[in-house]
Structure formats: C-alpha cells, structure tokens
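Notes to accompany the following structure.
2 protein chains.
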Amino acid sequence: MKRDSRLSGVLHLLLHMAEADGPVTSEALAGMMQTNPVVIRRILGGLRKEGLVQSEKGHGGGWRLARDLESVTLYDIHLALGAPGVLALGNRTESPGCLVEQAVNAAMSDAFEAAEALLLERFHSITLASLSRDFSRRRKRNASTCDQHRH
Amino acid sequence: MKRDSRLSGVLHLLLHMAEADGPVTSEALAGMMQTNPVVIRRILGGLRKEGLVQSEKGHGGGWRLARDLESVTLYDIHLALGAPGVLALGNRTESPGCLVEQAVNAAMSDAFEAAEALLLERFHSITLASLSRDFSRRRKRNASTCDQHRH
DNA sequence: TCTTCATGTAACTTAAAATATTACATGAAA
DNA sequence: TTTCATGTAATATTTTAAGTTACATGAAGA
C-alpha cells in the first residue's frame, strides 16, 4: 500500500512560495517537485478554491500565498486537499449483514477513529509559520557548509 | 487512496474458522470473502508461518486456528500480515538534502508516529476472543429476526 | 496591436500496484 | 488409484494514481 505524500509535497511548495519575493511559476515549482507543471496547477488550483493561494496569469505571473503563515494549519491544507483518509487500514464492507463483520468492524472502528482524531489534532497545532521558523533554524545551522537549500 | 482491508478480512476468516467444527477449505472461505481460493491460501499461508493457523491437505482437509482465541491479538495478526503501514499519509523523500523538506518531515513524523503508536496500542488490547464474544452477543440479540449469520 | 508568457482545464496516455486467475505439483483420505 | 485439498509459480486483469498533450484564456511588454 503506497503512501500519499501530497500533503508533504504541498507544504514543500507553500514554504518555497513563502520564501520567494514574488509569484512563483508552476514550472519552477514543478522543477522543485520533479513533476509536471500541470500537476502543480491542478493541486494549487484546489488550494485556491479554499483561499490558501492565489494565481496571476501572463508576464510576471505565477503563484503566491494568499494568507498569513500564522493563520494556516496543516489541518487547513489537509481539508483543502479534500481531506483524504489518513489511515491505510480500513474495514471490509462487503457483507454488511454478517454479524462477524459487524463485530470486527465495531472493534476496529473505535481504534481507527482514535488514531485519526489524534493525528488531525496534531495537524491543527502545526502552522506554516512554525514550519517556516524551523526551516530558518536549519538554514542557520547549516550556513557554514551550505548557504542555500537546493533541489 | 484505497484502504487496505486485509486485516479486517482476515479477522473475518479467523472468526468463521473459530465458529466451525472442523477444518474449513479455502474454497469455502473464498466464498465468504467473495474472492479466489488461491488468494485465501496465500494469506493464510503467511499466517501459518507465524503459527496462527494450520492447514491439512486432502479429504477433510482445510484450515483451522492453531492458537487459543484469548492469546491472539489484532497486533499479532497485523504483524503476521507483514505489518503494513497503518497510515495513508507519508513524507516525501525526493529531496533529502532540502531543508524545507527536512523541516516539513520532522513536524509530520512526530504526528504520524503518535497516531501509529496509538492505533497499534489499541490493536494489542483486542483479542480474537473478545471479538468472538461480541459476535455471540450480536447473534443472541438478532436471534428473533434471523437465526444465522449469512453471506 | 501583436507577441510572449503564464494559468485553466479537458482529454488522453503511461505507469505502478493490487488483485485475480490459471496451471500444475504435492500429499492425504476414501 | 481416484478424489480432494493445499502450495506456489507464472500470468493476466483490474484499478488507481500520475504524467502528458493540446489548446483556450488572459495579462504584460515591445
């Protein structure tokens, strides 16, 4: 079962946008993410609907953050990505009338909900600003050996 | 991102085996799971390596539980299935030198680990016996309207 | 105005992964 | 010695995610 790294990838994009002076093109972002510009535009198009980023066409155009770094949590971004399920495991639902399946699902659902709630609670407490601060800290720490972050 | 319902499915199989008098064939189990007998044999073959089930060939053969219901937890079964990742979300690892990625991953890893630990802890506390008792309870409750669990 | 650049989006292709199927060998019971 | 069931490799199918192409829309600059 493969893991969905879109949230991680989007955070990557947003922090790079936060670092930049002006708008960043989908082509530049695609370079960082080693993917196609259209993929970037699709993802960021979704975030724009939620008011997290804005885009401009034409010369000097591109993407920029639309909100303050302090006000955006991982949870906001998770929602903007469509709130995909956070767990890789799930219940069977092929035999809803089977009492065995009902017993199994009841027991597992409790555990699943607890884990999911904990993860989302953590997401609420992490802001783009806190990530940005951590990045700055790392940059200073690494300044002697490497003055720029690279792709 | 599709969810892995193997654990749920295996519990279904094991509880049905617990209910049965003698060995149950992979064909019968495949009928319950609406899949192919070979798929069942592959899955149960893995569990046999861990000592959870045993199989017999030939006439009257099939699969049966190898351990006491009280002694088997969901965690044991999860391990026997190869301990697949429990989270659907994960970190990007395409640019390990990028400090942005490092900051993002550090923050998310904490949250991921906490959620995973909580889920696995819950798995430790659920035994096949407790599921079986819950099933019996449901069967009694439903006795008036339906005397058998069906597929 | 007209060329250039960038987004917006639909349609399509490719790639990867999970799942299912076929085929046949092994071994046990009737 | 026939039947039945597991054991397992090889293959095929299905499903899902990701990437690509193509072209329309609109903004800035020459």
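The listed protein sequences derive, respectively, from chains A and B. Under the working numbering, the letters of the first sequence match residues 1 to 151, in that order. Under the working numbering, the letters of the second sequence match residues 1001 to 1151, in that order. Note that the Cβ used here is the ideal one computed from N, Cα and C, for glycine as well.
| query | Where does B:Q1034 fall in DSSP's three states? | reply | Residue numbering aside, residue 1034 of chain B sits at position 34 when the second sequence is read from its first letter. Correct three-state label for B:Q1034: coil.
| message | Just to confirm my understanding: we take A:L52, look at its own chain, exclude 5 residues before and 5 after, and list those with CB closer than 8 Å. What are they? | response | By one-based count along the first sequence, residue 52 of chain A stands at place 52. The answer, listed in chain order, is L14, L65, A66, R67, V72, D76, I77, A80.
| message | If you measure between the beta carbons of B:A1088 and A:A88, is that distance less than 7 Å? | response | Taking the second sequence and counting its residues from 1, one reaches residue 1088 of chain B at position 88. Taking the first sequence and counting its residues from 1, one reaches residue 88 of chain A at position 88. Yes, the Cβ-Cβ distance between B:A1088 and A:A88 is below 7 Å.
| request: Report yes if the CB atom of B:A1156 is closer than 7 Å to the CB atom of A:D4, and no otherwise. | output: The question about residue 1156 of chain B has no answer, for chain B in this structure spans 1001 to 1151.
| message | Check whether chain A comes within 7 Å of B:S1071, counting only Cβ atoms and requiring the distance to be less than that. | response | The residue labelled residue 1071 of chain B in the question sits at position 71 within the second sequence. It does not; no Cβ of chain A falls within 7 Å.
| What residue from B:S1109, B:A1117, B:R1122, B:E1116 has the CA that sits closest to A:A111's CA? | By one-based count along the first sequence, residue 111 of chain A stands at place 111. If we check each option's Cα against that of A:A111, B:R1122 comes out closest.
| Interface residues of chain A around B:H1124 at Cβ under 9 Å? | In the second sequence, residue 1124 of chain B corresponds to position 124, counting from 1. Neighbours of B:H1124 on chain A: none; closest Cβ ~10 Å, over 9 Å.
| said: Just to check my reading of the structure: A:H16 and A:L29 have Cβ atoms closer than 8 Å, yes? What is that Cβ distance to the nearest angstrom? | reply: Working through the first sequence from its first residue, we reach residue 16 of chain A at position 16. Working through the first sequence from its first residue, we reach residue 29 of chain A at position 29. Right, their Cβ atoms sit about 7 Å apart.
| field | Which residues DSSP lists as bridging A:S132, in chain order | value | As a first step, residue 132 of chain A is located in the first sequence; it is residue number 132 there, counting from the start. Partner(s): none; A:S132 has no beta bridge.
| said: Please report the distance separating the alpha-carbon of B:V1024 from that of B:V1010. | reply: For this step, residue 1024 of chain B is matched to residue 24 along the second sequence. For this step, residue 1010 of chain B is matched to residue 10 along the second sequence. Taking the straight line joining both Cα atoms gives about 14 Å.
| request: Could you name the residues of the same chain whose beta carbon sits closer than 7 Å to that of A:E101, not counting the 5 residues immediately before and after it, in chain order? | output: Counting from 1 along the first sequence, the entry for residue 101 of chain A is found at position 101. So the list reads R92, S95, once near-sequence residues are dropped.
| So is A:H124 buried or exposed if we call it buried at 16+ other beta carbons inside 10 Å? | The sequence position of residue 124 of chain A within the first sequence is 124, counting from 1. Flag for A:H124 reads exposed.
| query | Buried or exposed: A:A117, going by 16 or more other Cβ atoms within 10 Å of its Cβ? | reply | The sequence position of residue 117 of chain A within the first sequence is 117, counting from 1. Burial call: exposed.
| In whole angstroms, what separates the C-alpha of A:I126 from that of B:G1046? | The residue given as residue 126 of chain A occupies position 126 in the first sequence. The residue given as residue 1046 of chain B occupies position 46 in the second sequence. Each residue's Cα considered, the two are about 40 Å apart.
| task | Please list the residues of the segment 76-101 of chain A that have a C-beta atom closer than 9 Å to any C-beta atom in chain B, keeping them in chain order. | result | H78, P84, G85, V86, L87, A88, L89, G90, N91, R92, T93, E94, S95, G97, C98, L99, V100, E101
| Per-residue contacts from B:R1139 into chain A (C-beta, under 7 Å) | In the second sequence, the residue the question calls residue 1139 of chain B occupies position 139. Simply L99.
| task | Output the residue ranges of the alpha helix (DSSP H) runs that lie fully inside the segment 1046-1127 of chain B and measure 4 residues or longer, sorted by chain position. | result | 1074-1080, 1099-1124
| said: What does the alpha-carbon distance come out to for the pair A:R41 and B:Q1054? | reply: Locating residue 41 of chain A in the first sequence gives position 41, where the first residue counts as 1. Locating residue 1054 of chain B in the second sequence gives position 54, where the first residue counts as 1. Each residue's alpha carbon lies about 53 Å from the other.
| field | Within chain A, the residues that B:V1104 reaches when beta carbons sit closer than 8 Å | value | Locating residue 1104 of chain B in the second sequence gives position 104, counting from the first residue. Those within 8 Å of B:V1104 in chain A are S8, L11, H12, L15, L131.
| query | Exposed or buried, which one is B:N1036 when buried takes at least 16 other CB atoms within 10 Å? | reply | Counted from its first residue, the second sequence places residue 1036 of chain B at position 36. It is exposed - the Cβ of B:N1036 has fewer than 16 other Cβ atoms within 10 Å.
| Which residues, in chain order, does the segment 23-46 of chain A contribute to contact with chain B at a C-beta distance below 8 Å? | M32, M33, Q34
| Where B:R1150 falls, given that 16 or more other Cβ within 10 Å makes a residue buried | Counting from 1 along the second sequence, the entry for residue 1150 of chain B is found at position 150. Low per-residue confidence applies at B:R1150: pLDDT is 48, beneath 50, and the placement is therefore not dependable, though the value from the model is reported in the following sentence. Exposed is the call here.
| field | With 16 other Cβ atoms within 10 Å as the buried cut-off, status of A:S26 | value | Looking up residue 26 of chain A in the first sequence gives position 26. Burial call: buried.
| said: Between A:R3 and chain B, is any beta-carbon pair separated by less than 7 Å? | reply: The count along the first sequence starts at 1 and reaches residue 3 of chain A at position 3. Closer than 7 Å: yes.
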